[in-house]
Each structure stands twice: as structure tokens, then as C-alpha cells.
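Novice:
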Amino acid sequence: MQIVICVDGTEVKNVVGLKRSIGMFGAVAYGVGTIIGAGVYALIGPGAGNAGNAVWLAFVLAALVASFTGLCYAKLSSIFPVSGAEYVYIGEASKSKFLAFLVGWLVILSGIFSASAVALGFGGYLYLYTGLPRELLAIALIVILSIVNFMGIRESVATNVALTIIELVGIAIMILLGASFLGQVDYFESPTGLEGIVAAVGVIFFAFVGFEGLVKIGEETKDPTRTIPRALLISLAISTILYVLVALSVVSIMPYTEFATSSAPLATVAEEAAGPEIGYAMSLIAIISTANTVLIVLMATSRIAYGMSRRSALPSFLSRVHPQRGTPHLAVIFSMVAASVFCFMGDITFTANMANYTIFIVFLAVDAALLIFWRKKVIKGSAIAVVAALGVLSSLVMLTQFDFMVSLLSLILIASGAFIYKFIAPRLW
């Protein structure tokens, strides 16, 4: 039995809890697998197009921005180690079910858009070998990985660990290929200077989005108050080091102007360094990497839907736990259907930007929530308050990097969430 504390302070007893089966190794693998996914394989090209040889510096700056909110997540997860993370943080800080719902709504939307965008990337890679429509390939991937998600968190994490190892092999290959080329270029060369580096941060930040998904499996993690914060920071540190090494390697092997526009930049660079066989291998690893990212995003999205439903913010059927598998099976199905529908948008860049915009609003809210807890003396220490303030500022800056249509549609989605909460929810659940 578990006792769930709702946003309004009431208790719900006799709730069927999720199985705690994830240790530190599984949590770190989950975190690294969430971060190191489709982003570095697909976006290092456009990033280098903006930042030139200094694209490694853009990764460092993006990691710095991510670390501000990452530290806030780590701190808050030690206090609220439950599913539905952002929903709980905002609800407890503001004591407003409405604001908590909006943030949870945005988290779900971001997860759905992310899963759709990365699945479309998977479909694009596989299209080169099959000729099948990438939208159908993307949907097929989402359905298959949703079945893995349904089978249980242990099976999902085991699959993630295996796929993460393959991803890291691809990263290691790029680093090793570039080792003999290091030192041959100016690593601070940028075609447009600081402006280009900042622009690159906006492009490649998607490569870091996902670290926050680790806190969403808090109820399925052993000793979550210790495991989740440590695993989050370790995952972010490992990913940053690997990204920087890859960035230094690729610009050393090939002029950035030659791979910046490639749809498979790492495969292009690998082929230049070691021949077509290695390039082909990198393409296969990229396909596996995108699949792993979709698995992680679907897991996280279904858990936030489960957490919100259990707190009466979404229909109650989404909080049902399968009696044999111990997973929120209806929330898994919901995530699968929603992500599949958005695959028909077809535009990877636009879909990814929608995911980025909505998640930055969530980051802004989480950082602000920590500041509220700090003012209420729930959280002590001036250092973490400074970090949260920097997180608020950096999120606001990042929100200015998107085009008008992305901003407009995001605001429309926020308004639609408010409409659902105010006028539809009271009549249906």
C-alpha cells in the first residue's frame, strides 16, 4: 500500500504502487540512454553549421544550461521521489491544481512531440534501406516499443541498457576515429563568432533534453531519494564529456562545411575516416539510437500520465496498473496512440521545436518552483537558489530562440489545456 499526497493536501490510501526494481546502474543507464540518443547523431551537423569548429563549445554551453535545471530536478526529486514529477513540484509549490495540470499537460505534450520527432528520424534513416514511408516506419517503431513498455519496467530498462551500450559503441568509434586527427584544426574557429555558437546551442540542446525523464521513474527506483539525484548528475556529466569528445573528433576528421548539411553527419564523417563499411555501421547505430530514445520518451510520458491520473488531474483509467505486469498499461496505450498520430505531421524539425519550446516552459516552472520552496524554507541553502535563478534566466533566453509559429502553436496548446481543465474535466472526471 502507498499513501499519495495530493496537491490539495488530501491523502489517498490503498493505492496500488509500481514495482521498485531499478538500482543505481539501471538508473544511470536509463539517464545516459535518455540523453545520448537521436540528438548527437542528427543535430551535430546543423550545430557545426552554426558554430563551426567551436561546436564543442556549444555543447559545453548547452550542458551548462541543462545543469541549472538538472540540479533543481535532482534537489526536488530527493523531496518528492514520485511519478508525475513536474506535476507534483508545481502543485506543491503553488498549491494550485490548475497550474500543476498545465505543467503536466505540457510535459505530456513535449513527450509526445519528442517521441514523434525521433521516431520520424528513425523512419528517415530506415527509409534509405527499405523505401517504405517514414511515417509508417515511425508508427511501427512506436507500437513495438510500447509493447516493450507494457511488458514491464524491468524489461524496458533491460532493453534500454542493451541499446545504450550500442549507442556508446557508436560514440566510442567516433572518438577513436578522431584521435589521430586531433590538433589539426583551430577548435575556436566559428564562421559568425559568438552569435553562431549561441545559435548552435539552440539547435543542439535537443541532444540534452531527456535528463528530466529520470525523475519520472522515482516510484520504480530503489532508494529513490539517493539514487535519482546522483544518477541524474552522473548521467549528465557522462553525456557532456562524450558529446565534447565527439564534437572535437568530427571537426578534426572533416571540415565542418562538408558534413553540416548531411542528414547522417556522423555516418558521413565515419565514412571519410575509415571507409563505407564504418559509415554503414554508424548508420545502423544511429537507427538503434533513435529507437532507444523513443523507448525512453514513451516510458517517461506514460509515467507522467499515470501520476497525473492518480491525482485526479486526468481520467482515472490512466492510473490503472496491470495486475500481472505491474505497469500503467492504459497510460502506455494512450502515449502510443498520441505519438503515432503526431507522426503524420511529417516535419521532424518543426515537431522537435515544439517539443523543445514546451519543455523549456516546464523547465522555467520547475526552477521557479524550487525558488518558491526556498522562500518557504522547505529547501535551504543560497547556492541552490542561485542555480534555480540561473535556470529561470536561461530558460527565458532559450524561449526567445524559436520562430513565431512554434511559439504561437505552443501558446494555443497551453490555452487548450486550460480549456480542458476548466470546462471539460469537471464533467468527465
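Going by the numbering used here, 155 is the number at position 155 of the sequence shown; the sequence numbering is gapless. Virtual Cβ for every residue (Gly too), placed ideally from N, Cα, C.
Can you give the Cα-Cα distance for residue 288 and residue 72, rounded to whole angstroms?
Specialist: Reading the sequence shown from its first residue, position 288 is the one you call residue 288. Reading the sequence shown from its first residue, position 72 is the one you call residue 72. Roughly 31 angstroms between the two C-alpha positions.
Novice: Quick one: Cα of residue 232 to Cα of residue 130, how far?
Specialist: Here residue 232 corresponds to residue number 232 of the sequence shown, with the count starting at 1. Here residue 130 corresponds to residue number 130 of the sequence shown, with the count starting at 1. Rounded to whole angstroms, residue 232 to residue 130 spans 37 angstroms at the Cα level.
Novice: Of all the alpha helix (DSSP H) runs that stay within the bounds of the stretch 18-85, which reach a length of 4 or more residues?
Specialist: Whole alpha helix (DSSP H) segments, 4+ residues: 24-35, 38-51 and 55-79.
Novice: Roughly how many angstroms lie between the CA atoms of residue 217 and residue 281, to the nearest whole one?
Specialist: Along the sequence shown, read from residue 1 onward, the residue named residue 217 stands at position 217. Along the sequence shown, read from residue 1 onward, the residue named residue 281 stands at position 281. Each residue's alpha carbon lies about 32 angstroms from the other.
Novice: Check for me: the alpha helix (DSSP H) holding residue 271 runs from which residue to which?
Specialist: Sequence index remark: in the sequence shown, residue 271 carries index 271 (1-based). Element bounds for residue 271: 265-274.
Novice: Report all residues from its chain with a CB closer than 6 angstroms to the CB of residue 92; omit the five preceding and five following residues, and keep chain order.
Specialist: Residue numbering aside, residue 92 sits at position 92 when the sequence shown is read from its first letter. Around residue 92: no qualifying Cβ.
Novice: Name the residue from 303, 400 and 224 whose alpha carbon lies nearest to the alpha carbon of residue 23.
Specialist: One-based indexing of the sequence shown puts residue 23 at position 23. Minimum Cα distance to residue 23 is reached at 224.
Novice: Considering Cα atoms alone, identify which of 244, 113 and 29 is closest to residue 410.
Specialist: Mapped onto the sequence shown, residue 410 falls at position 410. The residue with the shortest Cα to Cα distance from residue 410 is 113.
Novice: If you draw a straight line from the alpha carbon of residue 355 to that of residue 124, how long is it in whole angstroms?
Specialist: Counted from its first residue, the sequence shown places residue 355 at position 355. Counted from its first residue, the sequence shown places residue 124 at position 124. Near 19 angstroms, if we compare the C-alpha coordinates of residue 124 and residue 355.
Novice: For residue 207 versus residue 40, is the C-beta spacing smaller than 8 angstroms?
Specialist: Numbered from its first residue, the sequence shown carries residue 207 at position 207. Numbered from its first residue, the sequence shown carries residue 40 at position 40. Yes.
Novice: Answer with buried or exposed for residue 137, where buried requires no fewer than 16 other C-beta atoms within 10 angstroms of its C-beta.
Specialist: Along the sequence shown, one-based indexing puts residue 137 at 137. Per the 10 Å Cβ criterion, buried.
Novice: Along the chain, where does the alpha helix (DSSP H) that runs through residue 329 open and close?
Specialist: Counting from one through the sequence shown, the residue named residue 329 turns up at place 329. It spans 329-342 - the alpha helix (DSSP H) in which residue 329 sits, taken as one unbroken run.
Novice: Using three-state DSSP, classify residue 257 as helix, strand or coil.
Specialist: For the purposes of this step, residue 257 is taken as the residue at position 257 of the sequence shown. Here residue 257 sits in helix by DSSP.
Novice: In terms of residues, what are the limits of the alpha helix (DSSP H) holding residue 398?
Specialist: On the sequence shown, position 398 is the one that residue 398 refers to. It spans 382-399 - the alpha helix (DSSP H) in which residue 398 sits, taken as one unbroken run.
Novice: At what residues does the alpha helix (DSSP H) containing residue 312 begin and finish?
Specialist: By one-based count along the sequence shown, residue 312 stands at place 312. Looking at the DSSP string, residue 312 is not in any alpha helix (DSSP H), and its letter there is neither H nor E.
Novice: Within 10 angstroms of the Cβ of residue 193, are there 16 or more other Cβ atoms? Answer buried if so, exposed if not.
Specialist: Residue numbering aside, residue 193 sits at position 193 when the sequence shown is read from its first letter. With fewer than 16 other Cβ atoms within 10 Å, it is exposed.
Novice: Could you please give the first and the last residue of the uninterrupted alpha helix (DSSP H) stretch that includes residue 123?
Specialist: Start at 1 with the first residue of the sequence shown, and residue 123 comes out as number 123. 97-130 is the span of the alpha helix (DSSP H), which, as asked, contains residue 123.
Novice: Is the stretch 264-271 close to the stretch 288-307, with three or more CB pairs under 8 angstroms?
Specialist: No, the stretch 264-271 does not touch the stretch 288-307.
Novice: Would the stretch 348-363 count as touching the stretch 302-317 if we require 3 or more Cβ pairs under 8 angstroms?
Specialist: Short answer: they don't touch.
Novice: So, helix, strand or coil for residue 221, using DSSP?
Specialist: For the purposes of this step, residue 221 is taken as the residue at position 221 of the sequence shown. Here residue 221 sits in strand by DSSP.
Novice: If residue 328 and residue 357 are in contact, beta carbons under 8 angstroms, what's the gap, nearest whole angstrom?
Specialist: In the sequence shown, the residue the question calls residue 328 occupies position 328. In the sequence shown, the residue the question calls residue 357 occupies position 357. The Cβ separation is near 27 angstroms, so there is no contact.
Novice: Cα separation between residue 324 and residue 151?
Specialist: Your numbering for residue 324 matches position 324 in the sequence shown. Your numbering for residue 151 matches position 151 in the sequence shown. Cα to Cα, residue 324 sits roughly 9 angstroms from residue 151.
Novice: Leaving out the 5 sequence neighbours to the left and right, which residues in its chain are closer than 7 angstroms to residue 394 when beta-carbon positions are compared?
Specialist: Your numbering for residue 394 matches position 394 in the sequence shown. Hits under 7 angstroms: 65 and 68.
Novice: With DSSP run on the structure shown, which of helix, strand or coil describes residue 422?
Specialist: Here residue 422 refers to the residue found at position 422 of the sequence shown. Three-state result, residue 422: helix.
Novice: Taking 8 angstroms as the limit between beta carbons, can you name the residues of its chain near residue 61, skipping five residues before and five after?
Specialist: Residue 61 sits at position 61 when you count from the first residue of the sequence shown. Hits under 8 angstroms: 197, 198 and 201.
Novice: Out of 106, 376 and 94, which has the shortest C-alpha to C-alpha gap to residue 416?
Specialist: Your numbering for residue 416 matches position 416 in the sequence shown. Residue 416 has its Cα closest to that of 106, out of 106, 376 and 94.
Novice: Nearest by alpha-carbon distance to residue 133: which of 119, 146 and 230 is it?
Specialist: Within the sequence shown, the letter at position 133 stands for residue 133. Per the Cα distances, 119.
Novice: Would you mind giving the Cβ-Cβ distance between residue 170 and residue 285, rounded to the nearest angstrom? I have them listed as a contact below 8 angstroms.
Specialist: On the sequence shown, position 170 is the one that residue 170 refers to. On the sequence shown, position 285 is the one that residue 285 refers to. That belief holds up - the Cβ atoms of residue 170 and residue 285 are roughly 4 angstroms apart, short of 8 angstroms.
Novice: Could you tell me if residue 255 is buried or exposed, where buried requires 16 or more neighbouring beta carbons within 10 angstroms of its beta carbon?
Specialist: Taking the first residue of the sequence shown as 1, we reach residue 255 at position 255. Counting Cβ neighbours within 10 Å, residue 255 comes out exposed, since fewer than 16 surround it.
Novice: Which same chain residues end up closer than 6 angstroms to residue 400 when comparing Cβ atoms and leaving out the 5 residues on each side of it in sequence?
Specialist: Here residue 400 refers to the residue found at position 400 of the sequence shown. Correct list: empty, nothing qualifies.
Novice: When the Cα atoms are used, what is the spatial distance from residue 363 to residue 380?
Specialist: Numbered from its first residue, the sequence shown carries residue 363 at position 363. Numbered from its first residue, the sequence shown carries residue 380 at position 380. Approximately 20 angstroms, taken between the alpha carbons.
Novice: Which residues in the same chain as residue 38 place their Cβ atom closer than 7 angstroms to its Cβ, once the five residues preceding and following it in sequence are excluded?
Specialist: Counted from its first residue, the sequence shown places residue 38 at position 38. Counting only Cβ-Cβ distances below 7 angstroms, and skipping sequence neighbours, we find 118, 121, 289, 290 and 293.
Novice: Round the Cβ separation of residue 267 and residue 59 to the nearest angstrom and send it over; I've been treating them as touching at under 8 angstroms.
Specialist: Within the sequence shown, residue 267 is the residue found at index 267, counting from 1. Within the sequence shown, residue 59 is the residue found at index 59, counting from 1. Not confirmed; about 19 angstroms, so no contact.
Novice: Just verifying my parser: in three-state terms, what is the DSSP assignment at residue 323?
Specialist: On the sequence shown, residue 323 is found 323 positions in, with the first residue counted as 1. It is coil, neither helix nor strand.
Novice: Report, in whole angstroms, the separation of the C-beta atoms of residue 297 and residue 115, which I expect to be a contact under 8 angstroms.
Specialist: The residue you call residue 297 lines up with position 297 of the sequence shown. The residue you call residue 115 lines up with position 115 of the sequence shown. Confirmed, Cβ separation roughly 4 angstroms.
Novice: If you reduce the DSSP assignment to three classes, tell me which class residue 243 lands in.
Specialist: Reading the sequence shown from its first residue, position 243 is the one you call residue 243. Residue 243: helix per DSSP, three-state reduction.
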